[in-house]
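Below: the structure, in structure tokens.
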Ligand code: C5P
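In my numbering, the protein residues as written are 548 to 860.
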């Protein structure tokens, strides 16, 4: 019998992030163009006598400390969601070993990627047989980015991000991700955006145009990195930079080293750069590292949680 499962799960960047009206429930209507890139966390799960989470990988101790270690961690909540939807009242505990390469609170949906992997792995471990649609419902309950993290690739997300429309035929693009030592709180960034808009006399509850430009989708399908660079936009960028002024210097450093464009991913603080080749990405990485900023070259799109491996017992 299988009692151990391993799944790898990618980070995402947002190529477009439009923030619309603040809703009565405290969430904002969004239009997001999600794009999964090959920066991967790995999740290994096992049946155990108690719930536990062990973290390792390429993140700092401060980042590890920022991850909830108990039952409020998203992976445990994901497992319990699978149990609930399968009518299991007292689920058998699971131990999670997470090898983290995706920074915590980095605007790269690292926690959501782990949660999506947990949904898939636990469904396999427990042989609960939840359908793709049921897993999507479970994902919605866990967070705005979890539904996309289940599928990967490139997709438009509307509503809170959960109404997904995959975009097929996207060519491969080269990106560089520049990390920050300390994460940014997503609710704080949204709140700052509301403050900025209010200070300009704008009505934060009014509907806004959240259409995804056809030119952006055409650029993704043609593989024209320069055309794509001209279409990228993130409504949260101004708020993230307002909270972390040094991020504008990071963007400048990458652009000076040859990136076509630099922008905040999601609610930040990770800065993503689009380049026109793998060689150019290396140059941008080196320039960032030379001024003490950790950076990696990645490419996308990549598939969602993959490589399910039953490890036997
Ligand atoms: O759903 P998730 O846990 O990722 O959201 C974290 C927080 O980000 C929410 O509590 C909310 O403050 C903010 N948010 C929002 N509008 C969204 C998504 C998130 O205001 N569409």
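From the three backbone atoms N, C-alpha and C, an ideal C-beta is built for every residue, glycine too. Note that the structure is predicted; figures quoted are calculated from it, not measured.
Flag residue 596 as yes when its Cβ comes closer than 6 Å to any non-hydrogen atom of the ligand C5P, and as no otherwise. no
Say yes only if the C-beta of residue 683 is nearer than 6 Å to one or more non-hydrogen atoms of the ligand C5P, and no if none qualify. no
Would you kindly check if the distance between the Cβ of residue 604 and the Cβ of residue 647 is under 7 Å? yes
Alpha-carbon to alpha-carbon, residue 566 and residue 546: Within the shown structure, residues of the chain are numbered from 548 to 860, placing residue 546 beyond reach of any answer.
State yes or no: is the C-beta of residue 840 within less than 7 Å of the C-beta of residue 725? yes
Would you say the beta carbon of residue 733 is closer than 6 Å to some non-hydrogen atom of the ligand C5P? yes
Work out the CA separation of residue 753 and residue 569 for me, nearest whole Å. 8 Å
State buried or exposed for residue 860, treating a residue as buried only when at least 16 other CB atoms are found within 10 Å of its CB. For residue 860, the predicted model reports a pLDDT of 47, less than 50, meaning its position is unreliable; a value from the coordinates is still stated below. Looking at its Cβ environment, which holds fewer than 16 other Cβ atoms inside 10 Å, residue 860 is exposed.
Could you tell me whether any non-hydrogen atom of the ligand C5P is closer than 6 Å to the CB of residue 696? no
Just to confirm, are residue 610 and residue 584 a CB contact at a threshold of 7 Å? no
For residue 735, count neighbouring Cβ atoms within 10 angstroms of its own Cβ and tell me buried if that reaches 16, exposed if not. exposed
Could you spell out the range, first to last residue, of the beta strand (DSSP E) harbouring residue 586? 575-594
Can you tell me where the alpha helix (DSSP H) holding residue 695 begins and where it ends? 693-698
Bounding residues of the beta strand (DSSP E) (the contiguous stretch that carries residue 554): 551-569
Nearest candidate by alpha-carbon position, reference residue 580, set 591, 571, 561, 593: 561
Coarse secondary structure for residue 860, derived from DSSP in three states: Confidence at residue 860 is low in this model, with a pLDDT of 47, below 50, so its placement is unreliable and the value that follows should be read with caution. In this structure, residue 860 counts as coil in the three-state DSSP scheme.
What do you get for residue 744, buried or exposed, if any count of 16 or more other CB atoms within 10 angstroms of its CB means buried? buried
Give me, in chain order, the residues of the same chain whose beta-carbon lies closer than 6 Å to that of residue 642; leave out the 5 immediate sequence neighbours on both sides. 593, 595, 599
Verify whether the separation of the beta carbon atoms of residue 763 and residue 778 is less than 7 Å. yes
Go ahead and label residue 852 buried or exposed: buried means 16 or more other beta carbons lie within 10 angstroms of its beta carbon, across all protein chains shown. buried
Give every residue of the same chain whose Cβ lies closer than 7 Å to the Cβ of residue 582, excluding the five residues on either side of it in the sequence, and list them in chain order. 559, 560, 562, 701, 847, 848
Between the C-alpha atoms of residue 665 and residue 760, what's the straight-line distance to the nearest angstrom? 34 Å
Considering residue 701, what are the terminal residues of the beta strand (DSSP E) in which it resides? 701-706
Residues near residue 659 by beta carbon distance below 6 Å, same chain, minus five either side: 690, 692, 693, 696
Residue 850, buried or exposed, once every other Cβ within 10 Å from all chains shown has been counted against 16: exposed
Can you give, in chain order, each stretch of the beta strand (DSSP E) that sits fully within the stretch 604-664 and has at least 3 residues? 641-647
In the DSSP assignment, the beta strand (DSSP E) including residue 733 goes from what residue to what residue? Careful: residue 733 lies outside any beta strand (DSSP E), inside the alpha helix (DSSP H) at 733-746.
For residue 785, does the three-state DSSP call read helix, strand or coil? helix
Along the alpha helix (DSSP H) that carries residue 841, what are the first and last residues, could you check? Where residue 841 is concerned, there is no enclosing alpha helix (DSSP H), given that its DSSP letter is neither H nor E.
Hey, could you find the ends of the beta strand (DSSP E) residue 819 is sitting in? 818-822
Pick from 674, 793, 782: whose alpha carbon is nearest that of residue 564? 782
Using the Cβ count rule (16 or more neighbours within 10 Å means buried), how would you classify residue 739? buried
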